[in-house]
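Student:
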Amino acid sequence: MREGNWRPRIVAFFCNWCTYTAADLAGVSRLKYAPNARVIRLMCSGRLDPQLVLAAFARGADGVLIGGCHPGDCHYLEGNYKTLRRFRLLRRLLRDLGIEEERLRLEWVSAAEGEKIRQVVTDMVETLRALGPLDLPGQFRQWDQEVETLKAQVVEAERLTPQPA
Amino acid sequence: MSVATPILPMREASGASSAGLHRPRRVTIDPITRLEGHGKIEIFLDEKGNVERAFMQVPELRGFEVFSRGRPAEDMPQITSRICGVCPTAHHLASTKTLDDLYQVEPPPAARKIRELVYNTFMLEDHALHFFVLGGPDFVVGPDAPPQQRNIVGLIQKVGLDAGRKVIGMRRRLRDLIAYFGGKVVHPVLGLPGGVSKALSPQDLPGFQQLAQDSLEFALWTLQVFKQAVLANPEYVKLITAEAYTHKTCYMGMVDEQDKVNFYDGKLRVVDAGGREVCRFAARQYLDHIAEHVEPWSYVKFPYLKDRGWKGFVEGVDTSIYSVAPLARLNAATGMATPPGPGGLRGILHDPGGETGPPHTGQPLGANY
Amino acid sequence: MNPTSKPKVAFYWCASCGGCEEAVVDLAEDILNVVEAVEIVFWPVAMDFKKQDLEAMPDRAIAAALVNGAIRTSEQEEMVRLLRRKSQCLISYGACAQLGGIPALANQFEREEILRYVYQEAPSVINNSGTYPQPATPHNGDTVTLPAFRNSVRALDQVVEVDYYIPGCPPTPALTKAALDALLAGRLPPRGTVLAPDVALCEQCPRLESKPKDLSLDAFQRPHRTALDPEKCLLAQGIPCMGPATRSGCEALCIKGNMACTGCFGPTSRVLDHGAKILSCFASALAPKEPQGIDQALAGLPDPVGTFYRYSLARSLLRRKRGPSQTQHFIRGNPP
Amino acid sequence: MRTPRPDQVRIGFYICHCGTNIAGALDVGEVVNHVAGLPGVALARDYKYLCSDPGQELIQHDIRDHGLNRIVVAACSPLMHERTFRRAVEEAGLNPFYCHMVNIREHDAWVHTDRQEATAKAKALATGAVRRVALHKPLETKKVPIHGEVLVVGGGIAGIHAALILADAGKRVYLVEREPTIGGHMARFDKTFPTLDCAACILTPKMSAVGAHPNITLWTYSEVTQVEGYVGNFNVTVTRKPRYVIEDACTGCLQCIEACIYHDARFPDEFNLGLGKRKPIHLPFPQATPPVVLIDPGTCIEFKTGKCKKTCVEACADRRAIDFQQREETRQIQVGTIIIATGFQTFDPRRIPYYGYGVFPTVYTALEVERLLNAAGPTGGEVILRNGKPPQRVGIVHCVGSRDENTNRYCSRVCCLYSLKLAHLIKEHTGAEVYNFYIDIRTPGKGMEEFYNRVAEEGMHLVRGKVADVYPDPADPANGRLMLQVEDTLMGRILKVPVDMLVLSVGLEPRADTQEVRRKFNLCCGPEGFFLERHPKLAPVSSYAEGVFLAGCCQGPKDIPDTVAQAGAAAAQALALIVRGYTEQEPNTAYVREEDCSGCKSCIPLCPYTAISLAADKQKAFINEALCKGCGVCVAACPSGSIGQNLFEDEQLLSEVEGVLTYA
């Protein structure tokens, strides 16, 4: 992270049929929006394993955006309902672990809603800016400082102590 | 964390054996061994080599009282059992009974009996563990034996492999009974508000009845071992009853309506070192009677009798420190609720001291038997 | 006992309850064979060896050290580093060492929060002087020391390298015996393996057949609010059972006790985050489609962290609850 | 998640300039430099147009010359060119699924303005792709056979045309129409612009051809109620509504109508939009196809009281075609492809109250006027108002429900021309003064501008302005004359125009049940609500559902020539699939690692295609690859991580997540 020049990083999981296509449409329509979202294409938002959301946060995402087809519109009939259910529970879990609910967002964006991509990404960037960085990798480093000091001492002591016979 | 701590004298500490020449001012015993829990002892000696002050430190804290907060009440019996995996059943059932109280439900008679059966079984196997594995080697193998042998392995060598198998086999059978109801023996799962999760199948009953008979015999045999290994040895008796190993505190134990010992239910009764009742209360009133004191040199807190106030680590009739566990339990009660077995235990412990008051917790020699 | 050529074995406990020691003792008759085959050189619960005995050994002198308990204090870190150095094979024994275990639930709280409650705010505490445990307490020109209480609870492999894992809270005697046998026979799987079947518990569950193909849950039940059918799949009764996401090897003991699996064996090797996986499984099995209905159904899970990460919070992807402080630092233009 | 064994990965990275589309918005050189330094990358290049032949050849040569075994192409959307590059890679002897695309055009270059930021994003996305592609596995596309039968939904001109082409090509076609007859909107028109040939003259021969074609199964008064399966293998349920007349027995003699207990037709006639009357037993219009009458149970005495003399049955005599007991029936069919030609509905002008439609009897919609003008219509082709008089002054308001912020923002494309056509026809029929009130006159297309000139020269009043108010003419309230208030924006003055008849040129809208149809067929809708084509230019009749094609106004407003052209295109697309005989299925299917599965059954109910079953002998989940469509819902839900998904493996996605986050 460049200090003082922090920009929110969003990992966006978009379903192939609606939201990814909407993002393509936003492109074709030359809509301009914040460059913070990095899109990962899934065939269906229902593929989104909550592990991937947590992994994204753990690896440095400030926010995770899930994009799926509108209810009733899933290309795979009901994949998006599974996403919605997981999302509701996952947000509670995140909240209990100190990660603001707004950092995980679920949006239904149909293939025709290029404009909504622009709005959602831009709005989420603003929300994240207000929240500040999550920076879990930095947190992990910070949390581990407490053991690193001792580790260094032990290593140093072992270096100085002759190996017992 | 048990208050009773089976440590043996100076011999234990390294360097202490070269008596007289360079007697160290400080003796560290780290870790304390053969008990459940983490501990370390720092002993400071005066110029004469006598103990000037000793610190029994618990260098660990997990924070159950914090991380249990906010969790579903019904999870507590399973979470609190993790306070101690040697006596998980005690924590498990204490939590379960608290849930009864919370939900204001009375378990049906069968559930209550199952809980009592499980708990009493636990009392039996746990004491066997203590006697043969944790504390017992000090006597059976002997206080003079090298430390490497004062353990279960040495004990089996001493008493013989058959006796060792007998102990192991009986514990396994008893623990299987707990697992029958509790799923697991370490961290059982049977406790629910107002009942238990599992019932007893009638066809399994005869096996358990047989086990009851066998375990009674086992208890008597254990008593014989104790008599032979400890009481038959005048030096040991002298050691147990020596002033240095006597700890005059108050004593707490659970009693029934007649002030007899009850393991599962009843009131908590506290008596002082002179045998006089200090208080008698239901578990839910514990905050009225018990408080915890904090010292800067240990993570463990020190419970004491709240009415008396914290008076420091002092002994005597007026102390606010109280002991728990077997000897304290006997002291706090007027007797056993069941007919005394052959050669009643209380008599055995009473007689050697020849005193009229309650026997006091010798460290560690009486407390856990 | 004279020094022998038998492989040396050590047992140690960190932030633990002693249940793992009991599990070893519960080898019952088999422990005699173990004692016959190995030389136990360190085992605080049962033997009188001290830390300095350990320090006096040559490096890698111990064939295998079985460490249970989570890592919470500097002393535990020191001890496991010492054991790591003295051992050829370091085995994580039990859920606490492997995943953080129950003590890692404390990772939802900050160190100061814990200390303040335990020593000051708890209703049983009387501490007018505001005394807290101190790293060093002076005594007559000398000091009595306490190890540092860390902010986070860690799994063993978050502090030192671990060669094998024996899962469970506690591990079963059967698994323990199988692992020791494999160790003694020198036929251990690749390093890093969890020495238990890599399949979820449902496979061993006596109630699997009664699990319907479609759960379609409308609500999660709490076990004391429903009359539990002792034959039927607990999930089918709406009881959150971690079995589908949890490694087998325990012989479904809790299920046999008519209670749900709480996940002490941890996830399978394919899973990074135990909690996320069972969350996904449970949520997917819900029937309602509207946010309100979904939330209602999920109201039966009042404590997602405690339910999904009962034993694995330390080893989860997020590891602990994030403190409030970091964000504030940054807002003040002061990145940590 | 399993850590894959790192084999000797040699990644080639290619970034496309796309002319200036990409290179103009971000620094491709910087991206190349960044990616070149990533582990596993053997080569990184930029190129002006990678999708061009030389571009593809560049990659192919590099694969051979540099021993590349993974290819990452950073260019446009994979939805655009993924196949192109996979094919190129395959031709170079590499498994096509070792190729992965990074979308830096639609998702980056085209949507961001800051060059530095856009470059940074491209680097991040490329890093994710490089990480992921290293874990790719060789995969094979599966060929799935295609049923030769086609379902055409909707029997308007689009459906008719498509059905005939396919049937003529020898394919079995099921044409399903909701109304009792095919013909759609076109059957209601009088003349068609710009040639002014009679709609019926050109349509009815095609309708008859459909009715008579041996390869066409025509089900009118029927609806598709369920669609299951996938391209090549759709299982379709069609519900046939009871018309209370046995279709095969009815000869279309119409004697039953004659004989109906109701001597006179007295119920509003749907086909004539209520302008005419019909009996309970009726034929929608003389050339209806099939020529089979139907009974409206809402008006039939027998249905209402059970006490009719049933003179119709008597008249039908031994043909015994009338069956009051007829019930709704369902038919199951299996088809390989589907053409959606469900058409449109006209804008309901009651939504703009100030036009007074439904309030003033002299206000008509354009479609109603078509019926008035039609010789077979309720007035026999005479333009006679509801008060029985022919109009002397007629106003035609364009863009009713089109190009309007409050209703529909789009242009309905046909209204200008049909308004001019109606103006011409009204003038021809009545000699009335005709005023056209327009916003703009739009007449693109072959012969359209000429048509406009011709009509304009006929002495039409063309007023550029929107009608702002319609109210009864205070000077002549009795005859229903209306006063139009309109601003003539060319002259810059407010006009008040009295008319006897006001025609509203209503726009075209998606049908009211479009959403229902969309769900049934797994389609997408655009913002206006019409079905969305896969690509506006390159795949105009393909939908987002594989094997389902779009024709006619259900995709957007269009005139008859365009509709017919599109129907032909849809038929050709369907035919192309059938003739090939198979489709290639993306190998992104899920699979169960049997040795890992605990048989917990969590996945089984989640599959929308019932592809997952429990192998009874082993108590392990099993995924039928042929049924799996690759959504991955089961993969995400498998609590023990025992289900994988080709191309979307846990470790691949995780690496991609890590990759896109490694670069700040």
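Protein chains in written order, with numbering that gives the first Met the number 0: chain V, 0 to 164; chain L, 0 to 368; chain B, 0 to 335; chain P, 0 to 663. The beta carbon of each residue, even a glycine, is placed where N, CA and C say it ideally should be.
1) Taking C-beta to C-beta, are C260/B and G242/B nearer than 8 Å?
2) Please name the residues in the region 307-321 of chain B whose beta-carbon is closer than 9 Å to at least one beta-carbon of chain V, in chain order.
3) Determine contact between the region 325-334 of chain P and the region 362-382 of chain P, defined as no fewer than three beta-carbon pairs at a distance below 8 Å.
4) By DSSP, does P57/B sit in helix, in strand, or in coil?
5) With a threshold of 8 Å between beta carbons, is L605/P in contact with chain B?
6) Say whether the region 142-150 of chain B touches the region 97-108 of chain L, bearing in mind that this needs 3 or more beta-carbon pairs closer than 8 Å, one atom from each stretch.
7) Closer than 7 Å, Cβ to any Cβ of chain B: which residues of the region 76-89 of chain V, in chain order?
8) Taking three-plus beta-carbon pairs below 8 Å as touching, is the region 33-52 of chain V in contact with the region 129-146 of chain V?
9) Within the same chain, show all residues whose beta-carbon is closer than 6 Å to that of L130/V, passing over the 5 residues directly before and after it, in chain order.
10) Name the DSSP beta bridge partners of Q679/P, please?
11) Going along chain L in order, which residues have a C-beta closer than 7 Å to the C-beta of N50/B?
12) Based on the DSSP output, what are the partners of G394/P in its beta bridges?
13) Of all the options G335/P, I603/P and R44/P, which has the alpha carbon lying nearest to the alpha carbon of A573/P?
14) With 8 Å as the threshold, decide whether the Cβ of G182/L is near any Cβ in chain B.
15) Going along chain B, which residues have a C-beta under 8 Å from G67/V?
16) Threshold first: 3 residues or longer. Then list the beta strand (DSSP E) segments lying entirely within the region 83-130 of chain V, N to C.
17) Are the C-beta of I238/B and some C-beta of chain P separated by less than 8 Å?
18) What distance in whole Å lies between the Cβ atoms of V254/L and K237/L, which are believed to be in contact at a cut-off of 8 Å?
19) Using DSSP with H/G/I as helix, E/B as strand and the rest coil, what is I339/P?
20) List the residues that DSSP assigns as beta-bridge partners of H281/P.
21) Compute the Euclidean distance between the alpha carbons of C15/P and Y46/P, then round it to the nearest angstrom.
22) Does any residue of chain B have a CB that is nearer than 8 Å to the CB of S664/P?
23) Report yes or no: do the region 651-660 of chain P and the region 121-140 of chain P share at least 3 C-beta pairs separated by less than 8 Å?
24) Hey, P166/B and V193/B are a contact pair by Cβ (cut 8 Å); roughly how many whole angstroms apart?
25) Hey, out of P146/L, L60/L, T88/L and P192/L, whose CA is closest to K183/L's CA?
26) Taking only the alpha-carbon atoms, compute the straight-line gap between L222/L and C637/P and give it to the nearest angstrom.
27) State yes or no: is the beta carbon of D25/B nearer than 8 Å to at least one beta carbon in chain V?
28) Would the region 186-195 of chain P and the region 158-171 of chain P be scored as touching if the rule is three or more Cβ pairs under 8 Å?
29) Is G191/B buried or exposed, if buried means 16 or more other CB atoms sit within 10 Å of its CB?
30) On the CB-based measure, 16 or more other CB atoms within 10 Å of its CB, does A266/B come out buried or exposed?
31) Start and end of the alpha helix (DSSP H) containing G18/B?
32) At a Cβ threshold of 8 Å, is A290/L touching chain B?
33) Taking DSSP's pairing of strands, which residues face A589/P in a bridge?
34) Once you ignore the five residues that flank Y131/B on each side, which residues in its own chain have a CB closer than 7 Å to its CB?
35) Please identify the residue among N373/P, I395/P and T341/P whose C-alpha is closest to the C-alpha of T364/P.
36) Count Cβ pairs between the region 594-613 of chain P and the region 93-101 of chain P that sit closer than 8 Å; are there 3 or more?
Tutor: This is what the structure holds:
1) Going by beta carbons, C260/B and G242/B fall inside the 8 Å limit.
2) F307, Y308, L312, S315, L316, L317, R318, R319, K320 and R321
3) no
4) The answer is coil: DSSP assigns P57/B none of H, G, I, E or B.
5) yes
6) no
7) Going along the region 76-89 of chain V in chain order, one finds Y80, K81, L83, R84, R85, R87, L88 and L89 with a Cβ nearer than 7 Å to chain B.
8) no
9) Hits under 6 Å: E99.
10) This structure gives no information on residue 679/P, because the portion of chain P shown stretches from 0 to 663.
11) Checking the displayed sequence, the identity of residue 50/B turns out to be Lys instead of Asn. In chain order: D29 and P30.
12) Y434/P and L501/P
13) G335/P
14) yes
15) By Cβ distance, chain B contributes nothing, its closest Cβ being about 13 Å from G67/V, past 8 Å.
16) Annotation: the region 83-130 of chain V contains the following complete segments of the beta strand (DSSP E) (minimum length 3 residues), in chain order: 103-107.
17) no
18) Between V254/L and K237/L the Cβ distance is about 32 Å, and since that is not below 8 Å, they are no contact.
19) strand
20) Among the bridge pairs identified by DSSP, H281/P is matched with L293/P.
21) 5 Å
22) In this structure chain P extends from 0 to 663, so residue 664/P is not present and cannot be described.
23) yes
24) P166/B to V193/B, Cβ: 6 Å. Contact.
25) T88/L
26) 56 Å
27) no
28) no
29) exposed
30) A small correction: the amino acid at residue 266/B is Pro; Ala does not occupy that position in the sequence shown. That one is buried.
31) G18 to V24
32) yes
33) Q644/P
34) Cβ neighbours of Y131/B beyond the five flanking positions: L114 and Y118.
35) I395/P
36) Cβ pair count under 8 Å is below three, so no.
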